[in-house]
Amino acid sequence: MLRGAIKKPLATYLSEKIWSKYGMDAPATWWLASPGGIEIGGSGFSATLRDYARFGLFIMNGALINGQSILPEGWLAEATPSKTLIGGASINYGYCWWIPPGGPSREAGAFYSNGIEGQNISINPKEKLAIVMWGAQSKPGGVAPINTFDFFDSVVAALK
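Residues in the sequence shown are numbered consecutively from 2, following the working numbering.
See below:
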């Protein structure tokens, strides 16, 4: 849908709007639906560890480039808390951001992205901390070797 609206590949749009303006080191890539096809918009985004960290800082600092937000006003505040589904059930998910189910990170208003191979970007606005982790799961979407929420909480505690 987004590709149809912007009339260009998602990677090109990302590069024009964020990547080239925020000083990323390497081009970001996306999985394609087929060779030469379109990006799979909801997943398959890939970047270097340092660029994931830069992206985490970009989001943590309000998605500002040259002092101006590239997101609509209030979007981050709307995107990062848990949502209530029709019927009243709550889900620990915002708009492409997951919310810790409990613990110190949840209490601090932290949120994170989660890749199927164990990649994570955790953003803890209260502590002004972005943590990036690459993992090695045995299969895509498999169980992480360590509990990521405990890991993020431990990193925050160790840095205090």
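Heads up, the beta-carbon is just placed ideally off N, CA and C, and yes, glycines get one too. Computed from a predicted model, the values in this text were never measured in an experiment.
Rounded C-alpha distance that separates Cys97 from Gly42:
In the sequence shown, the residue the question calls residue 97 occupies position 96. In the sequence shown, the residue the question calls residue 42 occupies position 41. The C-alpha of Cys97 lies about 11 Å from the C-alpha of Gly42.
Looking at C-beta atoms only, is the number of pairs between the region 127-137 and the region 86-93 that lie closer than 8 Å three or more?
Under the three-pair Cβ rule at 8 Å, the region 127-137 does not count as touching the region 86-93.
Between the C-alpha atoms of Leu130 and Ala48, what's the straight-line distance to the nearest angstrom?
On the sequence shown, residue 130 is found 129 positions in, with the first residue counted as 1. On the sequence shown, residue 48 is found 47 positions in, with the first residue counted as 1. So the two alpha carbons sit approximately 19 Å from each other.
In its own chain, which residues sit with a C-beta less than 7 Å from the C-beta of Lys18, not counting the 5 before and 5 after it?
For this step, residue 18 is matched to residue 17 along the sequence shown. Cβ neighbours of Lys18 beyond the five flanking positions: Ile71.
Counting only runs of 3+ residues fully inside the region 110-136, write out the beta strand (DSSP E) ranges in chain order.
With a minimum length of 3 residues, the continuous beta strand (DSSP E) runs that stay inside the region 110-136 are 112-115, 121-125, 130-134.
Distance, Lys127 Cα to Leu77 Cα
On the sequence shown, position 76 is the one that residue 77 refers to. On the sequence shown, position 126 is the one that residue 127 refers to. Leu77 and Lys127: Cα-Cα distance of roughly 15 Å.
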